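Taken in sequence, the protein lines are chains A and B. Going by the numbering used here, the first sequence opens with residue 1, and the numbers climb by one from there. Going by the numbering used here, the second sequence opens with residue 517, and the numbers climb by one from there. Worksheet for the structure shown next.
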Amino acid sequence: MALIPAKKIKMPLQAAIIDIGAHSARMDIIQIEKNKSYEILESLVQPVNLGRDVFTRGMISPDSTSLLCGIMKDFAAKTAEYGVGYIRAFATSAVREAFNREIFINNIKIASGIDLEILEGSKEAALITMAVKKALGGKTALAKADLLLLGIGSGSVEVSLVRNGELKFAETFALGTIRIFEEYGNKAAEPERLTDIIDSYTDLIADRISRISDIPKTIQFVAVGESVRIIMDINGKAVKNQPVRTITLEKFEKLFRKINLMSQAEIAEKYQIGDVAARGIVPCAWIIKRFFDMTGAGALIVPAVTTRNAVLEDIIRQLFNEKDPFIPDMLSVVKSMGKKYCFDPCHVEAIKEIAVKIFDKMHAVHSLGERERLYLEIAAILHDIGRFVDSRKHHKHSCYLISNTQIPGLTEEERLVVAAVARYHRKGKPQASHPEYMILSPSMRVLVCKLAAILRVADAVANSQERKTRNCSVTVKDRVLAIKSSGSVDMGLEKTLLTRKSDLFEDVYGMKIVLE
Amino acid sequence: MSGFLDKKYFVSRELSWLEFNARVLDEAGDVGNPLLERLKFIAIFSNNLDEFFMIRVAGLRQLLSSKTLQTDCSGLEPAAQIKAIKKRLKGLIERKYRYLLQEIMPALEEKGIQLVNPEQLSSEQRVFLKEYFLNQVFPVLTPFAVDPSHPFPILNSGAIEIAVSLSRDDSGKVLHAFVEVPQLLPRFIRLSFSPKNKQQYVLLEDLIMEHIQFLFSNCKIHEIIPFRITRDMDFSLDEEGVADLLQYMKKELLHRKSREPIRLELPKGSRGKLAEWLMEQFQLDDDLKYNVPMPLNPAAFFEFIGKVDRPDLMNQPWPPLPVPEFTGGGSMFSVIDREECVMDAVPFQGFDPVVKLLNEAAEDPDVLAIKQTLYRVSGDSPVIKALQRAAENGKQVTVILELKARFDENNNINWAVKLEESGAHVIYGIAGFKIHCKALLIVKRNKDMRIKRYVHLATGNYNDKTAKLYTDIGMFMCDPEICLEVSSLFNVMTGYSSPLNTWKRIAVAPFSLREKFIELIDREARISTKNNPGRIIAKMNSLVDPEIIAHLYRAAMAGVKIDLIVRGICCLKPGIGTSNINVISIVDRYLEHSRVFYFRNCGEEEYYLSSADWMPRNLDHRIEIMFPVEKESVRKVIRQTLEIQLKDKRKSRHMLPTGAYSRTFNKVKDNSASQFRTYQLFQEIYDKSRQRREEIKKLKVFSRPQEI
């Protein structure tokens, strides 16, 4: 759903937020106040079985589609009861993995008039990280500490690592509490088989993290998700509106031993929870146990954060035109990625600096926004990582690496844009024969050209010695982009380079470049 | 706990129901009641008994014929229950006709109202009746002959039939025929040419029997006997009245020839060949044959009471009092905003605030949506009209309609279609669960763009007719948490959402209500000490649920003082091992219908109102609601009404450890009747508020500086 600019929206606003997960479809109708606080007017939930469809057959079945169309129609009717002015519907794991997801989304649109968007795993991880940091930050100094964060869902697990308050790693893994049973059948319920499956994933996760960062002894272990919340409820009911709960390792192990001996039916009966929810409890407890082992943490911290309220906070930020607070985290992860591929931090910093300067000065010409500026920054940081593979054709290797690495906070489409911008930082201009270019929508291709043109110029100017261009000034006047270095240094080499790399800039913007 | 499930703590449900109907009959015998009111209770007693046969006795017969030896909570097998019913009924039916024929009818005659036999009439009256018969009755009569070429007809349940034995003039062979007394025609025919100041009536069946020869010309009539057949209802396993009885029966046993006769009523003293032939035809067990004095089917006296039109022989009406909060002017919404919680106790107070709120909502441009549960609503109901108008005005109107309300189904469907046509969203119940909660939710977006919700929750239906006869309590509220929870209950009922089980302020059956009741009873037991005993007051229509009864007994044994005000069936037998349980039943001019629950909670008292009785069907098979009463001024009124009821010596009967009840109809001089006292209480409340308003009006306001 297209965003309505905040100035046109009158607060308080009634908004609906719909979340289609692997096993349930939920809707909250909320009232957002001028002071950005909100109140939930309605919460609805309907069980669905998209998880079984997608995790076993890779697609959403016609039955599920028709069920979801009915549910979404009801939800749409419900929004009318509150005169809802803003609807945001998103789908998480299951739909995002279904190969017929576009058809599914179209069916939903026809049935209910609601635009369903896919919440990418990386975006989900980013939103949850932010919400968790906010939940923890309010109460304690935890937000600045080292955190290992798990978002345990029924279809996937999001793992994030925060060092000194900066996000270093965030990835989604196909390890869901219910998905296990759907992928591996009822055998997964056998204790040995279950631990085997979970161990194989946790080993993989540990390996992935170790490539980015070590796990410090003092790390705080945080988990969110419905099953986690139920486990905490079993441990002791939450005090009303309690933002953060904790359980010590010792208490958890006691609880774990108790739950692990119980059948799904016994859990459902004893703790008064639904059958599907009960099914996910033991796998969830195993995952937590394995991460206790991995981190050596003494306690588990569980903030009252759900994907829905994380998305909700994001929506409120957007409604109030706030800057995306996740950008520093995103850039931090991008730098860790660069580090993994042995980038030259000083070099890319110089290029990024000048690229951004040009971007900002050219605003009247390109009329792009904050988000596009971010793509340029990320492309600047990662443009050379392809050298890790080989210096020859390294722009192509960069493109491949970026387009195949999860970057929290970026959608798949955004990632492909960034990859293409990096791809065109040198050598040939975009062409119809380039699949990485043609895969993009026409408007995204224009964007790639605009950003790549700037990146090429920045790369040429800052190519040799970054100190030459440090503090250089950029001006735009009479269809000329003038870059002036701060000191009296010889820019001869850069000028030569620029003549080779200004072609795209001139094509796209119809402007000349002068380097002094 | 299982110890308290022992049969010694229980009274048979069927026998307890009969005791309730006996209390209804007591009202017919109560000389303190006006004559036509006494007659009305005869009609209610008879009507109740018909339903009891059609449903409960029929269910027991099913058990019997399937040879199920399932015992009830008091340890009786089906056959024993049927026997016990027959035994108890013998006395009750005798009593009914004694009141009717020896007390009420003679007294009515003294007041100028007479039911006469055709043979007592003057010749003018006979001519009048003959003309009436030939013009109005004869054309609609259809005699059925019974002979080898005409099989035995299926006679209508509840109708009065006339059996005739006759022979053609030319042969001595005896034939049989039936004539049904048409139910569409008036049963009581008022005679012209009656003495001055006298109303005289003839019964339709007497008129037909008097002129039976017109139907069988050229035949010789030997004998005529009027009789009445009652058949079982077409019930299925989920039928509310029998689900508990038939739950253990095999499904295939239910595939039976439907609507079998389960009662034959014959005039007392019917002997002779025709009577023998009738018995032979129906082949009923002796337990199901009843010889009763005339007239048959006294339930028809409702018609008689209406026709007689003698207000002097009826209760003096108590006009419904205005709800004080709503009399000061201003919109209903503004009053609820200000008061947060307003109580409406029908029929002492009027039902009109609900209608007024709906009418305002229908017209208010700020109202976005209206949702309401409807159950047993009259067709020309002002509630439906308001909802229809709201839908036409573009509001999102959702009506959750319960079609399984017995005997009313045709009535319901007609107006449901009308509602749908006006744009309302009509939902016809949830499979397997009868929607019995009474809730109204209004969503409004105020001028400041904020959503505000209003609810009305009640113990009784949104029916303007029954609101004049049933005592119920409704509550208008705008507490955001309660509104949110009621809203999510509506989402479950409309199928928009699965139950989230997040109800905290309200409790909802079948999800959390039973647990909530048990938790509240157990808490009282837990915190009760010798010096600080717990206390429970529970008022409802029926108490049947064995689990609740067991928990009540356990609490009583732990020292909790329990007062149960149960109008109808009470399967809890008081006085077994503890004197802490007191059961009373109030039967008076209004039908006691509100469900009120009080828990002392160590001084932190809690009051609840509910749509549910303590019956398995309410707690497990229906959508029911219980909600707290938190506003002190409202709690005070509810506390006063409960106290008034517990002090009633006139119309409340104590249940004895035998399951029988004390009788009070001799205490004519006692003036503690709770319904009268309750009406007085609301009158006082209204008078006080009016006085206060007048005092405020009288305040002299100085509009410029004055010298004092």
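We treat Cβ as the ideally placed atom computed from N, Cα and C, and that holds for glycine. Since the model is a prediction, treat every value here as computed from it, not as a measurement.
* Rounded Cβ spacing between Met518 (chain A) and Ile247 (chain A) (contact assumed at less than 8 angstroms) -> No answer is possible for residue 518 (chain A): it lies beyond the span of chain A, which begins at 1 and ends at 516.
* Looking at C-alpha atoms only, which residue of A:Ser227, A:Ile273 and A:Ile301 is the closest neighbour of Lys251 (chain A)? -> Measuring from the Cα of Lys251 (chain A), the nearest candidate turns out to be A:Ile301.
* Residue from B:Lys714, B:Pro1144 and B:Arg529 whose Cα sits closest to the Cα of Asp588 (chain B) -> Checked all of B:Lys714, B:Pro1144 and B:Arg529; the closest Cα to Asp588 (chain B) is B:Arg529.
* Helix, strand or coil: which one does DSSP assign to Ile4 (chain A)? -> Because Ile4 (chain A) carries a pLDDT of 42, less than 50, the predicted location of this residue cannot be relied on, and no value is offered for it.
* Residue-chain proximity (Ser938 (chain B), chain A), Cβ-Cβ < 8 angstroms -> no
* What distance in whole Å lies between the Cβ atoms of Thr195 (chain A) and Trp286 (chain A), which are believed to be in contact at a cut-off of 8 angstroms? -> 6 angstroms
* 8 angstroms Cβ cutoff, Asn1007 (chain B) in contact with chain A -> Taking Cβ atoms only, chain A reaches closer than 8 angstroms to Asn1007 (chain B), which makes this a yes.
* To do: Would you mind telling me which residues of chain A sit closer than 7 angstroms to Tyr1012 (chain B), beta carbon to beta carbon, in chain order?
  => Leu44, Asp74 and Lys78
* In three-state DSSP terms, what is Arg163 (chain A)? -> strand
* Asked: So does the segment 1108-1123 of chain B actually touch the segment 1034-1045 of chain B, counting three or more Cβ pairs closer than 8 angstroms?
  -> yes
* To do: Please classify Met438 (chain A): is it buried, with 16 or more other beta-carbons within 10 angstroms of its beta-carbon, or exposed?
  => When all chains shown are included, Met438 (chain A) counts as exposed.
* To do: Could you give the DSSP three-state label for Pro659 (chain B): helix, strand or coil?
  => The answer is strand: DSSP assigns Pro659 (chain B) an E or B state.
* Integer-rounded CB distance, given that Val1082 (chain B) should sit under 8 angstroms from Ser1058 (chain B) -> 7 angstroms
* To do: Starting from Arg88 (chain A), follow its DSSP beta bridges and name the residues at the other end.
  => A:Ile17
* Asked: If you drop the 5 nearest sequence neighbours on each side, which residues of the same chain put their C-beta closer than 6 angstroms to that of Leu552 (chain B)?
  -> Apart from sequence neighbours up to five positions away, the residues of its chain that approach Leu552 (chain B) with a beta-carbon distance below 6 angstroms are Ile821, Leu829 and Met830, ordered along the chain.
* Asked: Going by other Cβ atoms of all chains shown within 10 Å of its Cβ, with 16 needed for buried, is Val162 (chain A) buried or exposed?
  -> Counting other Cβ atoms within 10 Å of its Cβ, Val162 (chain A) reaches 16 or more and is therefore classed as buried.
* Asked: Quick one: does Glu755 (chain B) have its CB under 8 angstroms from some CB of chain A?
  -> Note on Glu755 (chain B): pLDDT 47, under 50, position unreliable in the model; no value is reported.
* Asked: Which of helix, strand or coil does DSSP assign to Val508 (chain A)?
  -> If DSSP states are grouped into helix, strand and coil, Val508 (chain A) belongs with the helices.
* Below 8 angstroms, can you find three or more Cβ-Cβ pairs linking the segment 1193-1212 of chain B to the segment 1138-1146 of chain B? -> No, the segment 1193-1212 of chain B does not touch the segment 1138-1146 of chain B.
* Measuring alpha carbon to alpha carbon, tell me which of A:Ser403, A:Arg371 and A:Ile351 ends up nearest Ala380 (chain A). => A:Ile351
* Asked: How is the alpha helix (DSSP H) around Glu39 (chain A) delimited, first residue to last?
  -> Run containing Glu39 (chain A): none in the alpha helix (DSSP H); it sits in the beta strand (DSSP E), Tyr38 to Pro47.
* With a cut-off of 8 angstroms, does the C-beta of Leu41 (chain A) fall near any C-beta of chain B? -> yes
* Alpha-carbon to alpha-carbon, Ala432 (chain A) and Arg208 (chain A) -> 36 angstroms
* Asked: Can a CB atom of chain A be found closer than 8 angstroms to the CB of Met993 (chain B)?
  -> no
* Asked: What's the C-alpha gap between Arg500 (chain A) and Leu150 (chain A)?
  -> 48 angstroms
* To do: Could you check the C-alpha separation between Ala278 (chain A) and Ala265 (chain A) for me, to the nearest Å?
  => 7 angstroms
* To do: List the DSSP bridge partners of Thr746 (chain B).
  => B:Arg779
* Whole-angstrom distance between Pro702 (chain B) and Leu720 (chain B), CA atom to CA atom -> 7 angstroms
* Cα-Cα separation, Arg456 (chain A) to Phe505 (chain A) -> 8 angstroms
* If we count Cβ pairs, one from each stretch, closer than 8 angstroms, do we get three or more for the segment 808-826 of chain B versus the segment 1186-1195 of chain B? -> Flag = no, the segment 808-826 of chain B and the segment 1186-1195 of chain B do not touch.
* Asked: What residue from B:Lys984, B:Tyr615, B:Lys1077 and B:Ile741 has the CA that sits closest to Ser1044 (chain B)'s CA?
  -> B:Lys1077
* To do: Note down the Cα distance separating Met1056 (chain B) from Glu841 (chain B), rounded to an integer number of angstroms.
  => Our two residues, Met1056 (chain B) and Glu841 (chain B), have alpha carbons roughly 27 angstroms apart in a direct line.
* Excluding five sequence neighbours on each side, which residues of the same chain lie with their C-beta closer than 6 angstroms to the C-beta of Arg779 (chain B)? -> Phe569, Thr746 and Leu804
* State buried or exposed for His666 (chain B), treating a residue as buried only when at least 16 other CB atoms are found within 10 Å of its CB. => exposed
* Asked: Can you check whether the CB of Ile215 (chain A) is closer than 8 angstroms to the CB of Met337 (chain A)?
  -> no
* To do: Would you grab the beta carbon distance between Ile327 (chain A) and Leu401 (chain A) for me? Rounded to a whole angstrom, and I think it's under 8 angstroms.
  => At roughly 21 angstroms, the Cβ-Cβ gap does not stay under 8 angstroms, so Ile327 (chain A) and Leu401 (chain A) are not in contact.
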